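Data block below; observations after.
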Amino acid sequence: MQETFEAAGIPSEVIVYGEKRHQLIAKLKGAEPGKTLAFTGHMDVVPVGEIAWDHDPFGAEEADGKIYGRGASDMKSGLAAMIAALIELKEEGTPLKGTLKFIATVGEETSSIGAEQLVKHGYADELDAVLIGEPTDNEVSIAEKGALWLRLATYGKTGHGSTPSCGINANEHMIALLSKFQSEFRFTFEPDDLLSAPTSSIDVIRGGNGTNVIADKCTVEIDMRTLPSQNHQEIIASIQAIIDSVQKDIPQLKTTIEILNDMHPVKTAKDHPFVKQLVQAVAEVRGKTIEPYGFSGYTDGAFFHK
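Residues are numbered in our numbering as their position in the sequence shown, beginning at 1, plus a constant of 39.
Structure below.
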């Protein structure tokens, strides 16, 4: 990307996050002073899964007028569109008031670690508004859910599979815990006018290292998406209450809760001047009325939002 900006005469800066992980900021400065708008998007993607794809997930294969690949929508296309916009504005000599920045981040899919670094070191201090190029089907999202990712672990005692009574099976304890969680856990919340109900999904389970070995540790990772009315610490406390309940039936139960991701919900008012301007612009391009909505996922906006 930096070479592309350099070829267009747009200055850019690389910010090192870690080994082989770099972020990029490009800046298009207007002839007149004014506010600063940021176009931003993340460069990382989620894993491809275990089942083979019909197309190479990293091949960017074209078929039926579409590009297939991991991250083609979320969010390589958004990055490409924003880069093209900056270059087109530069080449056409469009007069700008203020500054337009492009920010490419790392690690958004893993709790927005890149955006957190940029905010911490002052790279977002001058921003008046941020436009995130997530896939929204050309709609305008002004709200997003929070994210609470938890890792629950149960601990047992290893033993041989032929004499299971000599060990303490962490997998069996986790099954009991998850059964109780799925049957009894309920969110407490107030409905939001833009966001759907909070959700919870058990997405990772790891336990045991041999068919003939009693598992001495089992972990699960739970993805929760939350609303502004919810308190993450209260959610964790309700899960701890379930653990305490299970422990009454299984005195040997040993469990820990680890927070992997803790992102607050973000919401901008419908009548905010930037929102109104953006809705009008999108409506003009699409030729129809646009009504802002809420995004079910989280974005780097949780850190960029002031």
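Built from N, CA and C at the ideal position, the CB exists for glycine as well.
Note that this is a predicted model, so its numbers are computed, not measured.
Exclusion of the five residues before and after GLY69 leaves PRO134, LEU135, LYS136, GLY137, THR138, LEU139 as the residues of its chain whose Cβ lies within less than 8 Å of its Cβ.
Exposed is the label assigned to HIS199, since fewer than 16 other Cβ atoms lie within 10 Å of its Cβ. Excluding the 5 residues flanking it on each side, MET114 has same chain C-beta neighbours closer than 7 Å at GLY80, HIS81, GLY172, GLU173, PRO174, in chain order. LYS306 sits away from LEU216, with the two beta carbons spaced by 8 Å or more. Contact annotation: PHE343 and ALA182 have beta-carbon atoms that are not nearer than 8 Å. The bridge partners DSSP lists for ALA65 are SER51, PHE141.
Among the bridge pairs identified by DSSP, HIS311 is matched with none. Annotation note: the segment 83-165 contains the following uninterrupted alpha helix (DSSP H) runs of length 4 or greater, listed N- to C-terminal: 116-131, 152-159. Setting aside the 5 residues that flank it on each side, GLY340 is surrounded in the same chain by VAL169, ILE171, GLU183, VAL305, each with a C-beta closer than 8 Å to its C-beta; the list follows chain order. Residue range 209-223 is occupied by the alpha helix (DSSP H) that includes PHE220. Residue ILE54 holds the alpha-carbon nearest to the alpha-carbon of GLY153 among ILE296, ARG190, ILE54, ALA65.
The alpha-carbon of GLY110 is positioned some 18 Å away from that of ASP103.
With fewer than 16 other Cβ atoms inside 10 Å of its own Cβ, ARG225 counts as exposed.
When only Cα atoms are considered, GLN41 and GLY98 end up about 22 Å apart. Three or more Cβ pairs closer than 8 Å define a contact, and the segment 233-244 falls short of that threshold against the segment 315-325. If you look at ASP283, you'll find it in the alpha helix (DSSP H) that goes 271-288.
Between the alpha carbons of TYR337 and SER201 lies a gap of roughly 47 Å. Between ILE296 and GLN272, the gap from beta carbon to beta carbon reaches 8 Å or more.
Under DSSP, ASN300 shares a beta bridge with TRP188. Look at PHE44 here: in three-state DSSP terms it is helix. Contact check for ASN300 and ALA186: beta-carbon distance about 5 Å, within the 8 Å limit, so the pair qualifies. The Cβ neighbour count for ASN208, taken over all protein chains shown within 10 Å, is at least 16; the residue is labelled buried. The alpha-carbon separation between SER284 and GLU89 amounts to approximately 35 Å. Of the candidates TYR194, GLN156, LYS105, the residue whose Cα lies closest to the Cα of GLY247 is TYR194. Collapsing the DSSP output to three states places VAL179 in coil. Around the beta carbon of GLY132, fewer than 16 other beta carbons sit within 10 angstroms, so the residue counts as exposed.
With 16 or more other Cβ atoms from the protein chains shown falling within 10 Å of its own Cβ, CYS257 counts as buried.
Just so you know, the alpha carbons of ARG245 and GLN221 end up roughly 18 Å apart. For GLY340, the three-state secondary structure derived from DSSP is helix.
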